[in-house]
Structure formats: structure tokens, C-alpha cells
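I have placed the structure first, in the form of C-alpha cells, so that the comments after it can refer back to it.
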Amino acid sequence: MRFFKNAQFKFIELRRKAYVVSALALLVGVGAMVTNVITQGSWQNYGVDFTGGSLVEVRFETDVTAGDIRQALGGAQAPPITRFGQDRDYVIRAPLQEGVSIEQVAEELEVQLSAAFGAGTFTVVRTELVGATVGEELQQKAGLAILFSFLLTLIYIAIRFELRFGMAAIIATFHDMLVTLGFLALFRVEIALPTVAAILTILGYSLNDTIVVFDRIRENLNRKGARKRDPVELINASINETLPRTILTSTTTLAVLMALLVLGGAIIRDFTIVLILGVLIGTYSSIFVASPALLEIQKRMGDRKSKKDASTRESAAPAVPV
Amino acid sequence: MFKSVRSRIITIVLVLGVAGWQLYSNGLKLGLDLQGGMHVVLEVADPENTLTAEAKSDMIDRVDRVIRTRIDEFGVEEPLIQKVGDDRLIVELAGIDDEERAKSLIQESAFLEFKLVQPSGEVEQALPRIDRALVADLGADSLRALGRDVEGGGTTSGEDLEGLLFGGDSAESGDSATAETSDAGAEQAADSPAADSQAEEDESDLRPFSSLLNFGDIEGTFLVAVEDVPTATLLLDTDAVQRALPRDVALHWGAEVVGRGARNFRRLYVLTEDPFLTGEFLEDALAQRDPQFNQSVVQFELSRAGGRLFSRFSGQHVGDNLAIVLDEEVMSAPVIRDRIGARGQIEMGAGTPLEEARDLALVLRAGALPAQLNIIEERTVGPSLGQDSIDQGEMAGIVGLIIVLIIMIGYYRMAGVLAVGALAVYVVLVLGGLAGLNATLTVPGIAGLILSIGMAVDANVLIFERIREELDAGRATRSSVDEGFAHALSAIVDANLTTLITALILFQFGTGPVRGFAVTLSIGIVASFFSALFVTRSFFLIYLQGKKASDPISI
Chain A
24 MRFFKNAQFK FIELRRKAYV VSALALLVGV GAMVTNVITQ GSWQNYGVDF TGGSLVEVRF
84 ETDVTAGDIR QALGGAQAPP ITRFGQDRDY VIRAPLQEGV SIEQVAEELE VQLSAAFGAG
144 TFTVVRTELV GATVGEELQQ KAGLAILFSF LLTLIYIAIR FELRFGMAAI IATFHDMLVT
204 LGFLALFRVE IALPTVAAIL TILGYSLNDT IVVFDRIREN LNRKGARKRD PVELINASIN
264 ETLPRTILTS TTTLAVLMAL LVLGGAIIRD FTIVLILGVL IGTYSSIFVA SPALLEIQKR
324 MGDRKSKKDA STRESAAPAV PV
Chain B
63 MFKSVRSRII TIVLVLGVAG WQLYSNGLKL GLDLQGGMHV VLEVADPENT LTAEAKSDMI
123 DRVDRVIRTR IDEFGVEEPL IQKVGDDRLI VELAGIDDEE RAKSLIQESA FLEFKLVQPS
183 GEVEQALPRI DRALVADLGA DSLRALGRDV EGGGTTSGED LEGLLFGGDS AESGDSATAE
243 TSDAGAEQAA DSPAADSQAE EDESDLRPFS SLLNFGDIEG TFLVAVEDVP TATLLLDTDA
303 VQRALPRDVA LHWGAEVVGR GARNFRRLYV LTEDPFLTGE FLEDALAQRD PQFNQSVVQF
363 ELSRAGGRLF SRFSGQHVGD NLAIVLDEEV MSAPVIRDRI GARGQIEMGA GTPLEEARDL
423 ALVLRAGALP AQLNIIEERT VGPSLGQDSI DQGEMAGIVG LIIVLIIMIG YYRMAGVLAV
483 GALAVYVVLV LGGLAGLNAT LTVPGIAGLI LSIGMAVDAN VLIFERIREE LDAGRATRSS
543 VDEGFAHALS AIVDANLTTL ITALILFQFG TGPVRGFAVT LSIGIVASFF SALFVTRSFF
603 LIYLQGKKAS DPISI
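Line by line, the protein sequences are chains A and B.
So the first sequence is numbered by this note's numbering: it starts at 24 and just counts up by one.
So the second sequence is numbered by this note's numbering: it starts at 63 and just counts up by one.
If you want it as C-alpha cells, here you go:
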């Protein structure tokens, strides 16, 4: 069995359309973030892990499970619920909207629980204000860590490939991160700790994909006669040659994620959706963002160099530095 | 080195064995969401009620950071740490098997100080004054009763002593031995079977404190019999003694028990009151075994500023003893032989288990707690996910794996089977690595793991596609396989190394779960590297054995 053998798609010729798609996605995403800041006061919908909220301890008269309570409090949207001690005590960590007191939160929970289990089947033992479970340090440092990793990746690729490859890879990865964050902001997906892990995974996946394509471009550039080839044609050929691998890997990963999405239950649904989106964006960007970016950078940055090359070797075709 | 198929198989079996052993001996800990754990509520101790609400709140914030580092240094423990109200902290740990150790790790203050040992003469001169102050303050009779009880019973607890001294409400002895009821005290003294001679009794009345002290074996110390230590500690804490002690001097117990003849003693060190350096300047600490003295030591390194202070100070005090004080106890007091730079070590005493040194190194790295903490509530908590969610996650994981199997074998046939074998090795390696690091598995973590399998497939796909290309180009089977691996190498190396760089940066700059993510990612990368380039290759070599160079292969 073999898919996309000897494919001859003209990906690079489609780059202007891809730019429009990417620009639109970025525009909508950034727009959503700005709107969120204005209307909600925060660019993302941070979950109770990040914001803190209320802790309500409820004691039930009858046997109930954490699953039952989760169902009563809205299933997938329910706040974290923990059985507490050996008794029928449960702790619910509910978010706290601005201007709402913890008493109101407790009352709201009481109403929902009464509707599901009947009034008088439980008592609220205590309600307390609780802080974030994610340290502030994490939020501050995660951003810094990503920036530093971009920088080092750039340096590594510049050494192993060329500077422009590094720049193109960073542009693509940054693009992926921004589009994903935009998506999260647009649909107000709750940012919990697993979501952060998902975003980091996406960065890794996207970079991986990009490097595989770049590796082929590097190899083709090192072949005999590469200088005479049209860069557009060379990059297209490289993408097409790696296409079977790109498709197969993405398909396999997506298939696993689909299984998680359909069968994995409510708890990991958001996490899985973010990952699926990330795999799609990552695959798209290695073909339609990273590779064209490489070409554009070469056109702008390498112009002087290629002019010089052209004049000395009197070659009509734009040269590609090796 | 790996020329022969046999040496390859041996290597794979060895690596699998190590990973399998880690899995078997450590096991994989399940997270709070899957199996629950222990729930502890901590509060800043404030016995004298001197702290403002604001100060407490600020302290709890600092406690939060310190404890987070202590229990989750590598971010793989998945604890839940949460501030409650303004002055309490919830700490939840997944499936703890050694509760006491976990609690001490949370509560230990780990305050490290460096002080200079002073000549004992300074305190010796003050001893008569101290004794007089004690007699005046507490009354001779209560002190006599105390002396009896300690020497006779030997097992008197601190609480009983306190009752004896200050007339607290300790049940048995409280009423009979307070300063006011001197008759009862004398009676008890006479009843005591182990009563000493009258002469000694009188002497100890006159010298309640100094009678407990013996000349030290090292300059700047006294020796106190182990059984007298509780009494001496209690007396030391009294206002009378604190007032009578020379200024700028503090007395600290040595941690070590020293045997002199048939009796055991502890040293009481005379130290400067103010430390010249504290643990704030500590940069790193590492537990190590010192085989020469069969003891565990913690080696520490100071920051550059701390190192400068340390070096200048030690240069000025060559020949003096330097006391390393941890939580008020002197861990060791080596002689300063030369200017000391930024490194030093804390000796834990003979026979201390390495684990204790590791815990100490960890709490030192995390920094000292700004306050004493009380545990005000302790419970077990159940898994935060219902069984239904756990079952769903399991089902999804199994189906996901089967999908990978079907795609790989369906698309690559025999080569796919080889890849699946290599992936199985990958899974054991990753799980073994996680177990070795004591990582805690949560549902999102498991989902991430399944995804990482999907990505580990990628390396195999790269190789197989290359082999197919080589075969298409008309190469012979065996050289196609060799070329395929060779050509795929650069892509695999570069892709994995870039991701590894990202992981290292995230580990260096991230905290908590971001670090944990970096750790698991790194394990995954190394394992996938080995699995694709070594294991798949080896399986291919086995598959190609006995085939002629030009025989077709199933790929």
C-alpha cells in the first residue's frame, strides 16, 4: 500500500492563498483575545487552577459517587470534585466570578445538588476562599521559557542548516502557537493545566514536522545541480517527497486523538480538541508557512548574495546558497 | 561494537531489563485524579499571637513556593497546593506510602546558619549567675523534685517536666511538685528509689544548671548526659537563663550523640548569637555517601555572593571552629584550616541512611520555610475522577493503540510488525523511565503518553519511506535498508535534538508542571531515538538474516 507516491502538488504556488488563510486566522484569534481583555478582563478563560475560587465541602446522607455529583453539576463543565476523608464528604472547587461572593457560589451549588439528589440529602459543611493551585511563578516563567527555547532552536537550526531555515522554523512555530491561542480565546476554552501541556506538545509537534521537510530541502540543495534548479521547484519537490511520511504520521496521530476524543470521556475532551487542532495546524504550517517563509526570507535576505552570484556565474536562475 | 545481531539483542534485553526493573520495583504512581491521596491543611504557627493577618498571608505565599519546590522539584509529582482563606495552605499528595516522611518534608523548616564557636569560658563565668537566677526564679524545691524525677525515672517527658517546673496541669505530677507545695516535693524525693545522697542533692539545688554540664571534649562545648538533655533544654528556655547568659552568645545542641565511657552525651555548643551567613546564600545541595566514615553527607554550594562572604570570613578565622547549624542544632563544627570557598558539607553522623541526606539536600535546595507550620487537618481524599472516567480513558487508550497497530501493519506489512515490536520496547522504556523518576500518572498525562507513541511512530515512518525510495531507485534489498536508515538519520537526529533543546529549556526555566512536561518529553525523545534507530534496525537485521541481498522484503 502506498499513498501519494510521486506526488507533484504545486504547494508553493498556493502560498499567497495560504497567507490570506493564516492572516485571517491570526486576525480572528488576536481579535478574540483583545475582545476578551475588554469584555472579560482576561485574554484567556483561565480555569480554577489558575484563578482560584471557592472550596465547598458537602456532606451527603446517602451514598453518591464523584461521578454522580459531576453529572449533577453539568458533566464536562463541572468543577473539580474530590471525595474527602472516609465519609460521604465531597469537596467541590468551584470558580468564582468577579462580584460574586462565595456564599452565592455555595447557594448555587446547593440549588443544583438539590435538583439532582433532592433537598435535605446533603449539608454544606463549609465554604472557603481558595487560591490558585498553579503558582504565579509558572505563569510568568512559562512564557519566558518558550521565548528562550525559540532562541536556542533558532541557533541550533542555524548551525545545522542555515540561518534562514531557523528563522522560517521559528516563524512557523510562532504562527502555530498564536493560531492555537487565538482559537482558545475565540471559543473561550477553559485553560487548565493539561491545556498548557497540550500547547507545549503542539509546539514540539509542529517543529518536528517542519524539520523533516527542511531536512529534505537541505538534502536536495546538497545534490549536484541544485544550484541550477528553481528554488520554488526544489522546495515543492522536497515537500512532495516527504508527503507520504507527513500524511501517514499525521493520520496516525489524528486517529489516536480521535479515539481519545470519542471514547475518552468529558475530562480530557478539551485537552484532546486542542491537540487535534494543533496537529492540523502543525501539518499545515510546515507546508504552507515554514516552506514559503524560507523562500521569502531568501528572496529578501539573499537578494544581494544571489545578485552577486548571478553576475559572477551569469546564471539566469536565482541561486540558492548551499 | 554492535556488529553482530547477538550483541544487539543482548543490548536490547539489558535496556529492557533495567526499565522493567524500575517499573517493577518503583511501580507507577497514580495521580490524585486516579487514586486520591493525602490531604493536609497547614497553618502558620503563631503561639504568641504576634503576627498580623497580612504578615501571615505573606508567609503562606512564601510557604507555598517553598513547599511546591520541596515536594515537586521535577514537576512530575502532580500535587495540589492551594491557599485557603488568608493563612492556611492545602497540600494534597497522590498515594503517599510513607506518610510521616511526607509530613516531615512539608513541615521541616530547614533553616541553615553558619556561626562561629566561642570559647566556653565566656559561659563558664556566667554559670554562677545563671544558677542563682534559676534558684531565685523557680525555687529550690521544685528544682530538687525535678532533679529526682529525671534521674530516677529517666523517662519523664517534656510535658511532665514542664508541669514540675511551672505548675502546669500535667495530671500526675502537676499538683504535687509545684513551687508552692514544697512538702509534697520533698516527700516525692524521699520516696524515690533512686535517690542520691543528701550532699549531692544540696549541691544540685545550688547549681541547677551548671551541675548538668561537664567539660567539653572540644573547645567551646559542654557535654550533657543524654538523660539530662530534656531538663537542660527546659532550663535553657527559661527567661532566667536567657537573661543571665552573656550577650552575643547562644547555646545550641549538637545533633550527634557522643559516647564517653559507659555514658552517652550530647554537646552543648557556645556560639555567636548572630550567624554570619544563612541558607539564603545556598545555591545547590547534593546528598552523598561518605564510605570512609560510613555516613551520609550533604554537600552544598553557595552562591557567588555567599561564597565571597564565606571566603572572607573563614580567612579571618583560620584555626577557629565553624558551626553548621540546621534548625537550631549543630550538625558539625569543623576547624577552619584554610580560607573556604563556596563549597562545604554537612555531616549527618554515622549510620544515617542516604535517604535522610537526600531529603535534607532537597529541603535545603528548596529553601527554608519562613515560619513554623502546624498541621491543623489531615484526611485522605478519594480519586477526583469517577470510575466511569477512568474506564473511559482506559478504553480510549487501548483503542488508540490498536489503531496505531492496524495502520502500521496494514501500511508496511512485515516492516510494520517490526516497527510495532520496536514501539513495544519504546513503551516499556518510557514507563520504566517515568517509574525511575517517581513520576505520577494522571489522565492528561496518560493521554500525552499515548500521543507520544503516535509521534514515536514518526521516526519509523521516516525510515520506511526512505527504504521504499531506495528500493524504487532499484537498489538491492540489503543496501536499500542500510541507505534508508542512513538517509533518515539526519532528519531524525535534527528533529529530536531540537525538541530535546526545547525540553531542556522548559526544564531550566519552567516550574512545576511545565518542568514535569519537559521531563516526560525528554524521556520520550531518548526512548524513541533508541527504539527507532537501534531496535527497529536490529529487528530488520534479524528479518534480513538468511535472506539473499536481492530477495524482496515486505515493506
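Ideal Cβ positions, reconstructed from N, Cα and C, are used throughout, including at glycine.
Note that this is a predicted model, so its numbers are computed, not measured.
Q: For the stretch 129-151 of chain A, enumerate the residues whose C-beta is nearer than 9 Å to any C-beta of chain B, in chain order.
A: Residues 151.
Q: Helix, strand or coil for residue 407 (chain B), going by three-state DSSP, please let me know.
A: Along the second sequence, read from residue 1 onward, the residue named residue 407 (chain B) stands at position 345. Residue state, collapsed to three classes: strand.
**Q.** Backbone CA spacing between residue 418 (chain B) and residue 153 (chain B) [nearest angstrom]
**A.** Translated into positions along the second sequence, residue 418 (chain B) becomes position 356. Translated into positions along the second sequence, residue 153 (chain B) becomes position 91. If I take the Cα positions, the gap works out to 22 Å.
Q) Is the Cβ-Cβ distance between residue 208 (chain A) and residue 67 (chain A) less than 7 Å? A) On the first sequence, residue 208 (chain A) is found 185 positions in, with the first residue counted as 1. On the first sequence, residue 67 (chain A) is found 44 positions in, with the first residue counted as 1. Taking 7 Å as the Cβ cut-off, residue 208 (chain A) and residue 67 (chain A) qualify as a contacting pair.
Q: Return yes when the Cβ of residue 107 (chain A) is within less than 7 Å of the Cβ of residue 146 (chain B), no when it is not.
A: As a working mapping, residue 146 (chain B) is identified with position 84 in the second sequence. As a working mapping, residue 107 (chain A) is identified with position 84 in the first sequence. With respect to the 7 Å criterion, residue 146 (chain B) and residue 107 (chain A) are not classified as neighbours on the basis of their beta carbons.
Q: For residue 455 (chain B), decide whether its Cβ has a neighbour in chain A, counting only Cβ atoms nearer than 7 Å.
A: Taking the first residue of the second sequence as position 1, residue 455 (chain B) is located at position 393. Answer yes: the Cβ-Cβ gap between residue 455 (chain B) and chain A drops below 7 Å somewhere.
Q: Kindly say whether residue 118 (chain A), judged by its beta-carbon, lies nearer than 7 Å to any beta-carbon of chain B.
A: Here residue 118 (chain A) is taken as the residue at index 95 of the first sequence, counted from 1. Judged by the 7 Å Cβ criterion, residue 118 (chain A) is not in contact with chain B.
Q | Run of the beta strand (DSSP E) containing residue 394 (chain B), from where it starts to where it stops | A | Against the second sequence, residue 394 (chain B) aligns to sequence position 332. First-last of the beta strand (DSSP E) with residue 394 (chain B): 391-394.
Q: Indicate the three-state DSSP secondary structure (helix, strand or coil) for residue 447 (chain B) in the structure shown.
A: In the second sequence, the residue the question calls residue 447 (chain B) occupies position 385. In this structure, DSSP gives residue 447 (chain B) a state outside helix and strand, which the three-state scheme calls coil.
Q: Determine, using beta carbons only, whether residue 495 (chain B) comes closer than 7 Å to chain A.
A: Counted from its first residue, the second sequence places residue 495 (chain B) at position 433. Residue 495 (chain B) does not count as touching chain A.
Q | Unbroken alpha helix (DSSP H) run spanning residue 402 (chain B), endpoints | A | Against the second sequence, residue 402 (chain B) aligns to sequence position 340. Residue 402 (chain B) -> no alpha helix (DSSP H), and no H or E assigned at all.
Q: Please decide whether residue 164 (chain A) counts as near chain B, where near means a Cβ-Cβ distance under 7 Å.
A: Indexing the first sequence from 1 puts residue 164 (chain A) at position 141. Residue 164 (chain A) counts as touching chain B.
**Q.** Three-pair Cβ contact test at 8 Å for the stretch 218-230 of chain A versus the stretch 192-207 of chain A
**A.** Remark: three or more beta-carbon pairs, one from each stretch, lie closer than 8 Å, so the stretch 218-230 of chain A and the stretch 192-207 of chain A are flagged as touching.
Q) Do we get a CB-CB distance below 7 Å when we pair residue 286 (chain A) with the residues of chain B? A) In the first sequence, counting from the first residue as 1, residue 286 (chain A) sits at position 263. Answer yes: the Cβ-Cβ gap between residue 286 (chain A) and chain B drops below 7 Å somewhere.
Q: Determine the direct distance from the alpha carbon of residue 75 (chain A) to that of residue 154 (chain A), and round the result to whole angstroms.
A: What you label residue 154 (chain A) is simply residue 131 of the first sequence in a count that begins at 1. What you label residue 75 (chain A) is simply residue 52 of the first sequence in a count that begins at 1. Residue 154 (chain A) and residue 75 (chain A): Cα-Cα distance of roughly 4 Å.
Q: Could you give the DSSP three-state label for residue 200 (chain A): helix, strand or coil?
A: The residue you call residue 200 (chain A) lines up with position 177 of the first sequence. Residue 200 (chain A): helix per DSSP, three-state reduction.
(Q) Measuring CB atoms only, is the stretch 453-472 of chain B touching the stretch 512-526 of chain B, in the sense that at least three cross pairs come out at less than 8 Å? (A) Taking 8 Å as the limit for Cβ pairs, the verdict is that the stretch 512-526 of chain B does touch the stretch 453-472 of chain B.
Q: Under 7 Å between beta-carbons, which chain B residues line up against residue 68 (chain A)? List them in chain order, please.
A: Locating residue 68 (chain A) in the first sequence gives position 45, counting from the first residue. Here the premise fails: no neighbours, minimum Cβ distance about 18 Å.
Q: Count the other C-beta atoms from every protein chain shown that fall within 10 angstroms of the C-beta of residue 142 (chain A), then say buried if there are 16 or more, exposed otherwise.
A: Here residue 142 (chain A) corresponds to residue number 119 of the first sequence, with the count starting at 1. Flag for residue 142 (chain A) reads exposed.
Q. Any C-beta of chain B sitting closer than 7 Å to the C-beta of residue 3 (chain A)?
A. For residue 3 (chain A) there is no data in the structure shown, the boundaries of chain A being 24 and 345.
Q: Indicate whether residue 72 (chain A) and residue 156 (chain A) have their beta-carbon atoms separated by less than 7 Å.
A: Position 49 of the first sequence, counting from 1, holds the residue named residue 72 (chain A). Position 133 of the first sequence, counting from 1, holds the residue named residue 156 (chain A). At the C-beta level, residue 72 (chain A) and residue 156 (chain A) come within 7 Å of one another.
Q) When you check each C-beta in the stretch 298-319 of chain A against every C-beta of chain B, which residues fall closer than 8 Å? A) Flagged, chain order: 298.
Q. Can the beta-carbon of residue 318 (chain A) be found less than 7 Å from the beta-carbon of residue 30 (chain A)?
A. One-based indexing of the first sequence puts residue 318 (chain A) at position 295. One-based indexing of the first sequence puts residue 30 (chain A) at position 7. Cβ distance not < 7 Å, so residue 318 (chain A) and residue 30 (chain A) don't count as in contact.
**Q.** chain B within 7 Å of residue 190 (chain A), Cβ atoms only
**A.** Here residue 190 (chain A) is taken as the residue at index 167 of the first sequence, counted from 1. So no, residue 190 (chain A) is outside the interface.
**Q.** Terminal residues of the beta strand (DSSP E) in which residue 181 (chain B) lies
**A.** Taking the first residue of the second sequence as position 1, residue 181 (chain B) is located at position 119. Bounds of any beta strand (DSSP E) do not take in residue 181 (chain B), whose DSSP letter is neither H nor E.
(Q) If I measure Cβ to Cβ from residue 129 (chain A) and keep anything under 6 Å in the same chain, skipping five residues before and after, which residues do I get? (A) To locate residue 129 (chain A), count along the first sequence from 1; it is residue 106. Cβ neighbours of residue 129 (chain A) beyond the five flanking positions: 79, 147 and 150.
Q.
Please list, in chain order, the chain B residues whose beta carbon lies closer than 9 Å to that of residue 180 (chain A).
A. Within the first sequence, the letter at position 157 stands for residue 180 (chain A). Among the residues of chain B, those whose CB is under 9 Å from the CB of residue 180 (chain A) are 556 and 560, following chain order.
Q. Got a sec: is the Cβ-Cβ distance from residue 298 (chain B) to anything in chain A below 7 Å?
A. For the purposes of this step, residue 298 (chain B) is identified with residue 236 of the second sequence, where counting begins at 1. No, residue 298 (chain B) does not count as interfacial toward chain A.
Q: Please compile the residues from chain B whose C-beta is within a distance smaller than 9 Å of the C-beta of residue 24 (chain A).
A: Locating residue 24 (chain A) in the first sequence gives position 1, counting from the first residue. Scanning chain B for C-beta atoms nearer than 9 Å to the C-beta of residue 24 (chain A) yields 472, 473, 474 and 475, reported in chain order.
Q: With a threshold of 16 other CB atoms inside 10 Å of the CB of residue 474 (chain B), please say whether the residue is buried or exposed.
A: Mapped onto the second sequence, residue 474 (chain B) falls at position 412. Here residue 474 (chain B) is buried, its C-beta having at least 16 other C-beta atoms within 10 Å.
Q | residue 165 (chain B) versus residue 90 (chain B) - alpha carbon distance | A | Taking the first residue of the second sequence as position 1, residue 165 (chain B) is located at position 103. Taking the first residue of the second sequence as position 1, residue 90 (chain B) is located at position 28. Approximately 21 Å between the Cα atoms of the pair.
**Q.** DSSP-derived helix/strand/coil call for residue 58 (chain A)
**A.** As a working mapping, residue 58 (chain A) is identified with position 35 in the first sequence. If DSSP states are grouped into helix, strand and coil, residue 58 (chain A) belongs with the helices.
Q | Simplified DSSP state of residue 121 (chain B), which is helix, strand or coil | A | Here residue 121 (chain B) refers to the residue found at position 59 when the second sequence is read from its first residue. Reduced to three states, the DSSP call for residue 121 (chain B) is helix.
Q | Short Cβ contact (7 Å threshold) for residue 103 (chain B) with residue 118 (chain B) | A | By one-based count along the second sequence, residue 103 (chain B) stands at place 41. By one-based count along the second sequence, residue 118 (chain B) stands at place 56. For residue 103 (chain B) and residue 118 (chain B), no; Cβs fall outside 7 Å.
(Q) Need the endpoints of the beta strand (DSSP E) that residue 281 (chain A) sits in, please. (A) Position 258 of the first sequence, counted from the first residue, corresponds to residue 281 (chain A). From DSSP, residue 281 (chain A) is part of no beta strand (DSSP E) but of the alpha helix (DSSP H) over 254-286.
Q. If you compare alpha carbons, which of B:329, B:70, B:68 and B:151 is closest to residue 439 (chain B)?
A. Here residue 439 (chain B) corresponds to residue number 377 of the second sequence, with the count starting at 1. Measuring from the Cα of residue 439 (chain B), the nearest candidate turns out to be B:151.
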